[in-house]
Amino acid sequence: MPDSRPIGVFDSGVGGLSVLKEMRRLHPREDIIYYADSAHCPYGLKKPEEIVARSLKICDFLLSRGSKLLVVACNTASVAGLDIYRQKYSVPIVGMEPAVKPATAVTRNGRVGVLATGVTLAGERFSSLLERYQNGSDVYSQPCPGLVEMVETGCHDSPDTARALKRYVDPLLERDVDTIVLGCTHYPFLKEMVQSIAGPDITIIDTGEAVARQVGRVLSQYGLGNIEREKGLELFHTSGETGEVGPVIKKLWGGNPKVTHTPL
Ligand code: DGL
5 MPDSRPIGVF DSGVGGLSVL KEMRRLHPRE DIIYYADSAH CPYGLKKPEE IVARSLKICD
65 FLLSRGSKLL VVACNTASVA GLDIYRQKYS VPIVGMEPAV KPATAVTRNG RVGVLATGVT
125 LAGERFSSLL ERYQNGSDVY SQPCPGLVEM VETGCHDSPD TARALKRYVD PLLERDVDTI
185 VLGCTHYPFL KEMVQSIAGP DITIIDTGEA VARQVGRVLS QYGLGNIERE KGLELFHTSG
245 ETGEVGPVIK KLWGGNPKVT HTPL
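Pasting the structure below:
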């Protein structure tokens with residue numbers, strides 16, 4: 005039986021669009037509702053309990069719109085409360101975490117850098133990731149305050165952003181890392197910039213595709229796939245002002261996205 009209900013996806017803002025792109029590529033038939041909590045962005049400067057409270061509100065909204073599956077397209081919101089969301093809701097929930105495991109598997113010199121928000125790097129989930137997958141490698145964490153805001157305002161390709169990014173990538177290069185993990189969903193929009201600062205020999209890893217694959221596994225495991233549909237639709241909601249957030253979604257997503265102001 006095809007399941008035509010949408011997949012609900014959220015992030016603190018537009019960062020989760022980097023995950024959505026991979027989901028759209030791998031699951032073209034699914035309808036998707038995306039919620040950008042732009043009025044409360046960045047999550048990386050909030051207390052975990054505030055992030056959990058926002059995330060629960062957003063999950064309630066996405067479920068009220070009939071979501072069959074939720075994707076927390078935000079490392080920070082996942083680290084803050086994935087277990088809490090999973091306990092509360094009966095639909096399957098796919099979360100994300102910085103790609104430490106793939107990074108320690110591919111590093112050639114055993115030195116890995118992780119760029120993420122302060123909340124993600126300070127969270128228990130991240131320490132447990134390191135315990136499980138550090139695998140004898142040295143893993144250097146680098147919080148990046150300010151970067152999310154730059155992507156949120158559509159400045160992901162500006163010289164100011166390049167300068168800020170360099171301040172965060174340089175300390176990792178000084179540690180001689182050969183692999184850098186993009187541990188925040190906003191950062192894949194800066195991937196080319198990171199590569200040009202770090203140089204062609206550094207491997208850069210993000211998690212969007214792995215999350216989209218996991219969504220595929222969950223859809224088949226629970227029989228939730230929308231297998232009859234030709235082409236799925238995306239609806240975008242934001243707690244921010246559509247006049248500000250709409251153009252950024254358009255810039256990062258392309259086409260003519262329908263963006264609705266939905267304060268929660
Ligand atoms: N995009 C988010 C993440 O993956 C959160 C960024 C923020 O709001 O600080 O962590």
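Residue numbers for the sequence shown follow my numbering, so the first one is 5 and each next one is one higher. Yeah, the Cβ is synthetic: ideal placement off N, Cα and C, and Gly gets one too.
Please give me, in chain order, every unbroken run of the beta strand (DSSP E) with length at least 3 that falls completely inside the segment 17-80.
36-40 and 73-76
Quick one: does the C-beta of residue 63 sit closer than 6 Å to a heavy atom of ligand 1?
no
If I follow the unbroken alpha helix (DSSP H) through residue 153, where does it start and stop?
151-156
Give the secondary structure of residue 147 by DSSP, where H, G and I count as helix, E and B as strand, and everything else as coil.
strand
Please find out if some non-hydrogen atom of ligand 1 comes closer than 6 Å to the beta-carbon of residue 190.
yes
List the DSSP bridge partners of residue 11.
36 and 73
If you count every other CB in all the chains shown that lies within 10 Å of the CB of residue 109, and 16 or more means buried, which is it?
exposed
For the segment 177-217, list the alpha helix (DSSP H) runs that are entirely contained and at least 4 residues long, ordered along the chain.
195-202
Is residue 103 helix, strand or coil when you go by DSSP?
coil
With residue 124 as the anchor, note down where its alpha helix (DSSP H) starts and where it stops.
122-126
Taking the beta carbon of residue 79 as the centre, do at least 16 other beta carbons fall within 10 Å, making it buried, or is it exposed?
buried
Measure the Cβ-Cβ separation of residue 150 and residue 168 and say whether it is below 7 Å.
yes
Quick check: the segment 117-125 against the segment 139-153, are at least 3 beta-carbon pairs closer than 8 Å?
yes
Helix, strand or coil, according to DSSP, for residue 242 in the structure here?
strand
Taking 6 Å as the cut-off, does the CB of residue 244 come closer than this to any heavy atom belonging to ligand 2?
No copy of ligand 2 appears in this structure; the ligands present are ligand 1.
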